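*Asks:* The following block contains the structure, expressed as C-alpha cells.
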Amino acid sequence: MNSVFVYCEIEGTQIEEVSFELLTKGRKLADELNVRLEAVVVGADVKGAVEKQIMPYGVDVLHIFDAPRLSPYTTRPHASILIRLFEKEQPQICLMGATAIGRDLGPRVSSALTSGLTADCTALKIGEYDDKKAGKHYDNLLYQIRPAFGGNIVATIINPDNRPQMATVRSGVMKAEVRDEAYRGEVIYHDAEEYVNAEDYAVQVIDRHVEKSKNNLKGASIIVAGGYGVGSKENFDLLRQLAEELHGEVGASRAAVDAGYCEHELQIGQTGVTIRPKVYIACGISGAIQHVAGMKESGIVISINNDPNAPINALADYVITGNIEEVVPKMIKYYKEKSI
Amino acid sequence: MSLNIVVLAKQVPDTRNVGKEAMTPQGTVNRAALPAIVNPEDLNALELALRLKDSHPGSVITIVTMGLPKAAEVLREGLYRGADRGILVTDRAMAGADSLATSYVLSQTIRKIGVPDFVICGRQAIDGDTAQVGPQVAEKLGLNQVTYVEQVDELKDNSIIVTRRIDGGVEKVKAPLPLLLTVTGSAAPCRPRNAKLLMKYKRALAPSEKPATGLPHAEEYEKKPYLTLTQWGVPEVEADLAQCGLAGSPTKVKSVQSVVFKTKESKHLGSSDAEIENLIVELLESHTIG
Ligand SMILES: Cc1cc2nc3c(=O)[nH]c(=O)nc-3n(C[C@H](O)[C@H](O)[C@H](O)COP(=O)(O)OP(=O)(O)OC[C@H]3O[C@@H](n4cnc5c(N)ncnc54)[C@H](O)[C@@H]3O)c2cc1C
Ligand SMILES: Nc1ncnc2c1ncn2[C@@H]1O[C@H](COP(=O)(O)O)[C@@H](O)[C@H]1O
Chain A
1 MNSVFVYCEI EGTQIEEVSF ELLTKGRKLA DELNVRLEAV VVGADVKGAV EKQIMPYGVD
61 VLHIFDAPRL SPYTTRPHAS ILIRLFEKEQ PQICLMGATA IGRDLGPRVS SALTSGLTAD
121 CTALKIGEYD DKKAGKHYDN LLYQIRPAFG GNIVATIINP DNRPQMATVR SGVMKAEVRD
181 EAYRGEVIYH DAEEYVNAED YAVQVIDRHV EKSKNNLKGA SIIVAGGYGV GSKENFDLLR
241 QLAEELHGEV GASRAAVDAG YCEHELQIGQ TGVTIRPKVY IACGISGAIQ HVAGMKESGI
301 VISINNDPNA PINALADYVI TGNIEEVVPK MIKYYKEKSI
Chain B
341 MSLNIVVLAK QVPDTRNVGK EAMTPQGTVN RAALPAIVNP EDLNALELAL RLKDSHPGSV
401 ITIVTMGLPK AAEVLREGLY RGADRGILVT DRAMAGADSL ATSYVLSQTI RKIGVPDFVI
461 CGRQAIDGDT AQVGPQVAEK LGLNQVTYVE QVDELKDNSI IVTRRIDGGV EKVKAPLPLL
521 LTVTGSAAPC RPRNAKLLMK YKRALAPSEK PATGLPHAEE YEKKPYLTLT QWGVPEVEAD
581 LAQCGLAGSP TKVKSVQSVV FKTKESKHLG SSDAEIENLI VELLESHTIG
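Chains as they are written, first to last, in the numbering used here: chain A, 1 to 340; chain B, 341 to 630.
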C-alpha cells in the first residue's frame, strides 16, 4: 500500500525539530490509513548518525542518501532524489517543513510530479469527499487545513486525483512525540549517484552563516505579545519591560511587525512562530485567525484591549478592557510591589 | 553584456492593513474594500532587475502578470519604474488557477517570449503566502532556482553570486545563467516612479481595458504603439486547456468554515488600579506568574 512519506531536514547531522513533529503526525496518519510511515534523509555523513534519531518516531522505512555534495542543501540534487524516489514508491502523502528548505524544495517536486501542494497547514486529517458534479466518491483523502485569506476563515484543501498529496507545516504547529524507543524499521542506503545528475550540482553554496534565533519565543513560558493596538515603538517598549519583569519574552502580531513596532522575528501566527506558553498576554491584538493559529495552544490567555468585543477575548481567561498605555504600566507597578 | 530579464508580478488585495472598515459585519474580509496593489515582494524583484539593467546597459526587462484585465495596472507600475515592456496574460480559461496551473501558464508565456537570462519573482504573494509559483516555473522551464535572494553580489562570465536570506542566517551561492530568482522583502525597496516614464505610459492600456467605443485620445494609440500593452490568452501562449485554470489545478477547496472561537469562561475587568492590583495578586497566588 502507498505509504506516508516525510522529508526530514538536517542541520549538520542533527535532524530538525520540525521533522520530528511531522514524523509524529505522519505516524498517526499512517496508522489511520493502515500503511507504512517512511522517512527520507538527504545529506553528507548522515549514515550512522540519523537512524537512531528517527526510528523511535515509528518509522517503518528510512531512506538514506549520503554523499558529500548533498550538504549543504541546494535545490536540484534534493529535488531529483525526491522526484525519482516518489516516481518509484508512489507515496500517497508527503509532508515537509514549511521552512526555507521545504518551501524551496516542495514546489519544485510538486511541479515535476504535477501533484498538489498546500503550504502552511495548521491541521491534517483523513476524510472523505463527494464530488457531486462528477458523481465520484473519494475515501481516505488528506484534508489539508489552513487559514485562508479572509480573516476568520479556515479552508480545507484536498487533492482528489493527484498523488502524492503534499503539504508543508511550520515548525511548532504539530507536537513531537516518540512512538517507541525500540521501534524497528528497515533502513535503505541508496546510491545517490543513481538519482542525481552532474548538472544538478550547478548551484554552489560558497558561504553560509546560520545562527540560532536570538529570541527564545518557542521555549518561553510567559509571552507578552503586542499588536497594532500598541500604537508605537515606544509603547512596545512597555511590553518589553513587562516581559522582562515576568521573565518572559515578547512576541507580536503581523500588524505590529508591518507597522514597524518590532522586528519580524517576533511574529506569532500562521506565517510566524507557533508557541505554547503557560501564559499569553495579548496586548492590543484583535485575534485574527492567522494570529490565533500560532497561539491557540497557550495555557492562560490574558487579553488587554480597548474593544470589549475583540474576537480574541473569546479565547481569554482574563479580559481587561482598557488602553495599553494605562494597563501595562499598572501591571508592571503592581507586579513589582507584590512579587517580593 | 546585455541581459534579457523577465519579472513576474501579481496584483493582490492589500491584506497588510486590514482595518475595521475592511471587515464585514459577519467578520469576514470585504475584498472590495481592499485596494489592489502590486504584490510587495514583486516590487523588490523589479528593483533587483532594474539594478541589473543599470549595471548592464541595453538589457531588456519584460514584466509579466497573469490575472484579470485590471491587473494591467501592475504592468504600468513596472513601466513607470523602468521596465521596457509589459505582457498581460488573461483568459477566462485561466480563472481559478492554483499555484501549479499558474506556474504552467507563466512558464508557457516565458517560452513564448524566449527563455531569458533571468526570471525574477517575488518570494511569495501576500494573498496566499504560498511561495510556490517561482520554484514551479523554474522546474517547468528546467531552470536552476535560487530562492530568498536579498542582493546580487557579482555577475560575470555567465555566472552570478547572490546573497540569500534563510531561516536564521544568510548564504552566498554561485549559479550559472539562465536562472530563476525569487526575491525577499528584505532586499532593496523599489525605486519610485520616474516622472518622465509616468508621462510616457500613463495612458498605456491593455486591449481588454479599452472601451468598445469612445476610447479617449484614440489617435494617440495609433501614433504610439507602446501605449497598447501586449495581451496574450490561451492561444498566444499555446497552452493546453487541461492544464489551465480550475481544470489544471490539483488542489481543490473542499470547504471553508468561519471560525467561531470556543468561548472560555472569562473574567472581565476594567483598567482601574484596584482591578489590576487584584489581578496581579490572583495570578501570583495561583503561581500563574512569578
Ligand atoms: C496569508 C496571511 C497570513 C497571515 N499571517 C499572520 C501571522 O502569522 N500572524 C499574525 O499575527 N497575523 C497574520 N496575518 C494578519 C492577520 O490577518 C491580521 O491582520 C493581524 O493578525 C492583525 O493584527 P492585530 O490584531 O495586531 O491588529 P488589528 O486587527 O488592527 O487589531 C488591533 C487591536 O488593538 C485594539 N486596540 C487599539 N488601540 C488600543 C489601545 N490603545 N489599547 C488597547 N487595545 C487597543 C483594537 O481594538 C484591536 O482589537 C496574516 C494574514 C494573511 C492574509
Ligand atoms: N498570477 C501571477 N502573475 C504573475 N506572477 C505571479 C502570479 N502568481 C504568482 N506570481 C509570481 O510568483 C511569486 C510567488 O507567488 P505565490 O506562489 O502565489 O506566493 C509572486 O511573488 C510573483 O512573482
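Where a beta carbon is used, it is the ideal one built from N, C-alpha and C, also for glycine.
Since we're looking at a predicted model, the values are computed, not measured.
Looking at chain B, which residues of the region 264 to 285 of chain A have a Cβ within less than 8 Å of any of its Cβ atoms?
*Replies:* Of all residues in the region 264 to 285 of chain A, Gln270, Thr271, Lys278, Val279 have a Cβ within less than 8 Å of some Cβ in chain B.
*Asks:* Residues of chain B with CB closer than 9 Å to the CB of Glu211/A, please, in chain order.
*Replies:* Residues of chain B passing the Cβ test: Gly508, Gly509.
*Asks:* Just to check, is the beta-carbon of Val230/A closer than 7 Å to a non-hydrogen atom of ligand 2?
*Replies:* No, the beta carbon of Val230/A sits no closer than 7 Å to any heavy atom of ligand 2.
*Asks:* Please report the straight-line C-alpha distance between Val203/A and Thr168/A, rounded to a whole angstrom.
*Replies:* Each residue's alpha carbon lies about 24 Å from the other.
*Asks:* Anything in the region 585 to 597 of chain B with a Cβ closer than 7 Å to a Cβ of chain A? List those residues in chain order, please.
*Replies:* Hits within the stretch, in order: Pro590, Thr591, Lys592, Val593, Lys594, Ser595, Val596, Gln597.
*Asks:* Should Lys594/B be labelled buried (16 or more other beta-carbon atoms within 10 Å of its own) or exposed?
*Replies:* With 16 or more Cβ atoms within 10 Å of its Cβ, Lys594/B is classed as buried.
*Asks:* Does the beta-carbon of Leu623/B have 16 or more other beta-carbons within 10 angstroms, so that it is buried, or is it exposed?
*Replies:* Under this definition Leu623/B is a buried residue.
*Asks:* Taking Cβ positions, are Val6/A and Ala44/A nearer each other than 8 Å?
*Replies:* Not closer than 8 Å, so no.
*Asks:* Indicate whether at least one CB of chain B lies closer than 8 Å to the CB of Asp104/A.
*Replies:* Closer than 8 Å: yes.
*Asks:* I'd like to confirm the pairing. Which residues does DSSP put opposite Gln485/B in its beta bridges?
*Replies:* DSSP output for Gln485/B lists Leu520/B as bridge partner(s).
*Asks:* Who are the Cβ neighbours of Glu186/A in its own chain at under 8 Å, not counting the five residues just before and after it?
*Replies:* The answer, listed in chain order, is Asp60, Val61, Leu62.
*Asks:* Give a yes or no on contact between the region 131 to 140 of chain A and the region 271 to 288 of chain A, applying the rule of three or more CB pairs nearer than 8 Å.
*Replies:* At 8 Å Cβ cutoff, the stretches do not touch.
*Asks:* On the criterion of 16 or more Cβ atoms from any shown chain inside 10 Å, does Val178/A qualify as buried, or is it exposed?
*Replies:* Classification of Val178/A: exposed, given that the 10 Å Cβ count is below 16.
*Asks:* Determine, using beta carbons only, whether Cys94/A and Met166/A come nearer to each other than 8 Å.
*Replies:* Against a cut-off of 8 Å, the Cβ pair of Met166/A and Cys94/A comes out as a contact.
*Asks:* Using a Cβ-Cβ cut-off of 6 Å (strictly less than) and excluding sequence neighbours within five positions of Val577/B, which residues of its own chain qualify?
*Replies:* Closer than 6 Å at the Cβ level, and outside the excluded window around Val577/B, lie Gln448, Thr449, Lys452.
*Asks:* Take Leu246/A and list the residues in its own chain whose beta-carbon comes closer than 6 Å to its own, dropping the five residues that flank it on each side.
*Replies:* Once the five neighbours on either side are set aside, the close Cβ partners of Leu246/A are Ile222.
*Asks:* Hey, would you say Phe236/A sits closer than 8 Å to Gly226/A, going by beta carbons?
*Replies:* The answer is yes: Cβ separation under 8 Å.
*Asks:* Between the Cα of Arg392/A and the Cα atoms of Ile506/B, Gln583/B, Arg533/B, which residue gives the shortest distance?
*Replies:* The structure shown does not extend to residue 392/A, since chain A is modelled only from 1 through 340, so no value can be given for it.
*Asks:* Let me check you understand the geometry: is the CB of Gly508/B closer than 7 Å to at least one non-hydrogen atom of ligand 1?
*Replies:* Not so, every heavy atom of ligand 1 lies at least 7 Å from the Cβ.
*Asks:* In this structure, does DSSP put Gln290/A in helix, strand or coil?
*Replies:* Residue state, collapsed to three classes: helix.
*Asks:* Asp31/A by DSSP, collapsed to three states: which one?
*Replies:* The answer is helix: DSSP assigns Asp31/A an H, G or I state.
*Asks:* Quick one: which chain B residues come within Cβ less than 7 Å of Leu246/A?
*Replies:* In chain order: Ile629.
*Asks:* If we define contact as Cβ-Cβ less than 8 Å, is Tyr129/A a contact residue for chain B?
*Replies:* Cβ-Cβ to chain B under 8 Å: yes for Tyr129/A.
*Asks:* Going along chain B in order, which residues have a C-beta closer than 8 Å to the C-beta of Gln204/A?
*Replies:* Chain B residues near Gln204/A: Val513, Lys514, Ala515.
*Asks:* With a floor of 4 residues, list each alpha helix (DSSP H) that falls wholly inside the region 408 to 477 of chain B, ordered by position along the chain.
*Replies:* If we require 4 residues or more, the alpha helix (DSSP H) runs fully inside the region 408 to 477 of chain B come out as 412 to 421, 439 to 453.
*Asks:* If I measure Cβ to Cβ from Gly436/B and keep anything under 6 Å in the same chain, skipping five residues before and after, which residues do I get?
*Replies:* Gly585, Leu586.
*Asks:* Can you check whether the C-beta of Ala220/A is within less than 8 Å of a C-beta belonging to chain B?
*Replies:* Chain B contact via Cβ: absent.
*Asks:* Consider the Cβ of Leu315/A: report whether some Cβ of chain B lies at a distance smaller than 8 Å.
*Replies:* Yes, because at least one Cβ of chain B sits closer than 8 Å to the Cβ of Leu315/A.
*Asks:* So, helix, strand or coil for Val196/A, using DSSP?
*Replies:* Note: Val196/A maps to coil in three-state DSSP.
*Asks:* Would you list, in chain order, the members of the region 400 to 417 of chain B that have their beta-carbon closer than 9 Å to a beta-carbon of chain A?
*Replies:* Correct list: empty, as no residue qualifies.
*Asks:* So who's on the other strand from Asn379/B, going by DSSP bridges?
*Replies:* In the DSSP output, where bridge partners are listed per residue, Asn379/B has none listed.
*Asks:* Determine whether the beta carbon atoms of Tyr420/B and Leu348/B lie at a separation below 8 Å.
*Replies:* No, the Cβ-Cβ distance between Tyr420/B and Leu348/B is not below 8 Å.
*Asks:* Closest by CA to Glu560/B, which one among Trp572/B, Pro575/B, Lys542/B?
*Replies:* Nearest of Trp572/B, Pro575/B, Lys542/B to Glu560/B, Cα basis: Lys542/B.
*Asks:* Please state whether DSSP places Val574/B in a helix, a strand or coil.
*Replies:* Looking at Val574/B - three-state DSSP - the assignment turns out to be coil, as it is neither helix nor strand.
*Asks:* Within the same chain, show all residues whose beta-carbon is closer than 7 Å to that of Glu417/B, passing over the 5 residues directly before and after it, in chain order.
*Replies:* Same-chain partners within the cutoff: Val378.
*Asks:* May I ask you to list the residues that DSSP assigns as paired with Ser548/B?
*Replies:* Bridge partners of Ser548/B: none, in fact.
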